[in-house]
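Worksheet: the structure to be examined is printed underneath.
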Amino acid sequence: MGRPRELSDTERAELLAKGYRPVELWVPDLSDPDLRALAVEEGQRIARADEDEGVMDWLELVQKDMWEGEDQI
């Protein structure tokens, strides 16, 4: 896939004038075996978390405190 072609000065100026701004985005390299193993491990922990009934009770308790008074802002 490679890098996208660079914008000309004119194209860049037009986008900036329209309110866009450049952003560089970095993503995980899933070809790295260590990072891939970590992603698999985290996915398995997420899947197991659904089986823990105490998690939902805790989330409901925290959510109540988190959003209390939000409509007054």
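The opening position of the sequence shown corresponds to residue 12 in my numbering, with each subsequent residue numbered one higher. Even glycine gets a Cβ: it sits at the ideal position worked out from N, Cα and C.
- Sequence-distant partners of alanine 50 (beyond 5 residues in either direction) whose C-beta falls short of 8 Å from its own C-beta, in its chain, are Pro39, Leu41.
- Here DSSP, grouped into helix, strand and coil, assigns glycine 30 to coil.
- The beta carbons of valine 66 and alanine 60 sit about 6 Å from each other, so the pair counts as a contact at 8 Å.
- Excluding residues up to 5 positions away in sequence, nothing lies with its Cβ nearer than 7 Å to the Cβ of arginine 16 in the same chain.
- Glutamate 71 carries a helical assignment under DSSP once its states are collapsed to helix, strand and coil.
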